[in-house]
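Remarks on the structure that follows.
In this note's numbering, the protein residues as written are 659 to 933.
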């Protein structure tokens with residue numbers, strides 16, 4: 659594990675996932691319309707708390723019934739404008755539903771990531787004395803990107819080119835590292851539909867780097883917490899689940915010089931201290 663420098667700068671950041679915004683009636687426990695107001699509450703608190711940045715972990719928007727490209731792009735525009743009310747750097751992770759009705763390129767053209775002229779599905783940045791990495795598992799096992807709803811959401815993979823980039827990126831930065839991804843890396847593909855088929859390969863890269871202390875992920879709305887080979891895997895609960903403000907979910911994470919991850923959970927989100 660990379661030890662922090664003497665002049666280590668702590669970092670506090672906000673995270674949410676699975677807002678699934680769409681102007682449609684609820685389906686089961688998913689209250690799509692309410693996600694704008696839930697996100698508004700989250701952004702207000704993040705501004706009040708003056709966190710260093712805000713990130714959403716995918717399935718940012720959803721689609722209507724029947725699906726319509728123009729309508730889906732309108733949903734994306736509405737939820738992105740609300741997200742961008744945050745008074746600081748903001749970032750996105752791609753989820754499978756972000757490819758419903760539209761292409762990866764269309765989604766990326768409709769959002770912005772602070773400091774990047776063009777949004778990308780995978781990238782990295784620094785904040786405080788910590789390195790942050792965003793991954794995109796929205797590819798089939800044959801390396802074909804998810805596109806316009808023409809994909810099997812249970813067939814997710816991080817392709818070889820991205821894995822090569824990940825190895826190089828982690829080797830260049832001798833800092834404690836945090837990984838963000840939509841899919842769950844802490845589950846085996848043979849017993850869960852929520853993880854990439856090559857989750858074990860990805861975990862091995864993270865472990866071998868010696869830098870990664872925590873992975874934040876979404877996708878499975880119930881949330882989860884695991885620790886595998888000295889890396890914590892925190893799965894956030896989905897914002898779309900349940901009606902009313904009391905059923906919101908988002909967190910503030912803080913990493914200090916001791917490299918402990920301190921989570922303040924809001925509404926239904928789980929709080930704790932890890933590592």
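The beta-carbon is built from N, C-alpha and C at its ideal position, and this holds for glycine as well.
Give a yes or no on contact between the segment 750-768 and the segment 781-801, applying the rule of three or more CB pairs nearer than 8 Å. yes
Beta-carbon spacing of residue 617, residue 871 below 9 Å: The requested residue 617 is not part of the displayed model; the chain covers only 659 to 933.
Taking the CB atoms as reference points, tell me whether residue 679 and residue 701 lie closer together than 9 Å. As a first step, residue 679 must be located in the chain shown, where it is residue number 21. As a first step, residue 701 must be located in the chain shown, where it is residue number 43. For residue 679 and residue 701, no; Cβs fall outside 9 Å.
From residue 729 to residue 722, what distance separates their C-alpha atoms? As a working note, residue 729 is residue 71 in the chain shown. As a working note, residue 722 is residue 64 in the chain shown. For residue 729 and residue 722, the distance between alpha carbons rounds to 7 Å.
Would you kindly check if the distance between the Cβ of residue 893 and the Cβ of residue 851 is under 9 Å? Walking along the chain shown from the start, residue 851 turns up at place 193. Walking along the chain shown from the start, residue 893 turns up at place 235. No; because the gap between Cβ atoms is not below 9 Å, this pair is not in contact.
Segment limits, beta strand (DSSP E) that includes residue 672: Numbered from 1 along the chain shown, position 14 holds the residue referred to as residue 672. That run of the beta strand (DSSP E) goes 669-674.
Please say whether residue 753 and residue 815 have beta carbons closer to each other than 9 Å? Reading the chain shown from its first residue, position 157 is the one you call residue 815. Reading the chain shown from its first residue, position 95 is the one you call residue 753. No, the pair does not count as a contact, with Cβ atoms beyond the cut-off.
Who pairs with residue 922 in a beta bridge, going by DSSP? Indexing the chain shown from 1 puts residue 922 at position 264. Checking the DSSP bridge columns, you'll see residue 922 partnered with 910.
With C-beta atoms as the reference, is residue 838 less than 9 Å away from residue 788? As a first step, residue 838 must be located in the chain shown, where it is residue number 180. As a first step, residue 788 must be located in the chain shown, where it is residue number 130. Contact: no.
Determine the closest residue to residue 923 out of 688, 704, 689 and 692, with distance taken between C-alpha atoms. One-based indexing of the chain shown puts residue 923 at position 265. It is 704 whose Cα lies nearest to the Cα of residue 923.
Anticipated Cβ contact below 8 Å, residue 737 with residue 697, distance rounded: For the purposes of this step, residue 737 is identified with residue 79 of the chain shown, where counting begins at 1. For the purposes of this step, residue 697 is identified with residue 39 of the chain shown, where counting begins at 1. Confirmed, about 7 Å.
Can you say whether residue 866 is buried or exposed, counting buried as having 16 or more other CB atoms within 10 angstroms of its CB? Taking the chain shown and counting its residues from 1, the one referred to as residue 866 is at position 208. Under this definition residue 866 is an exposed residue.
Skipping 5 residues on each side, what residues in its chain have a beta carbon closer than 8 Å to that of residue 807? Taking the chain shown and counting its residues from 1, the one referred to as residue 807 is at position 149. Excluding residues within five positions, the ones whose Cβ falls inside 8 Å are 721, 725, 757, 758 and 759.
Would you say residue 804 and residue 783 are within 9 Å of each other, going by their C-beta atoms? The residue given as residue 804 occupies position 146 in the chain shown. The residue given as residue 783 occupies position 125 in the chain shown. At the C-beta level, residue 804 and residue 783 stay beyond 9 Å of one another.
Exposed unless 16 or more other CB atoms sit within 10 angstroms - verdict on residue 771: Counting from one through the chain shown, the residue named residue 771 turns up at place 113. Counting Cβ neighbours within 10 Å, residue 771 comes out buried, since at least 16 surround it.
Starting from residue 740, follow the alpha helix (DSSP H) in both directions and report where the run begins and ends. Here residue 740 refers to the residue found at position 82 of the chain shown. Annotation: the continuous alpha helix (DSSP H) that includes residue 740 extends over 727-741.
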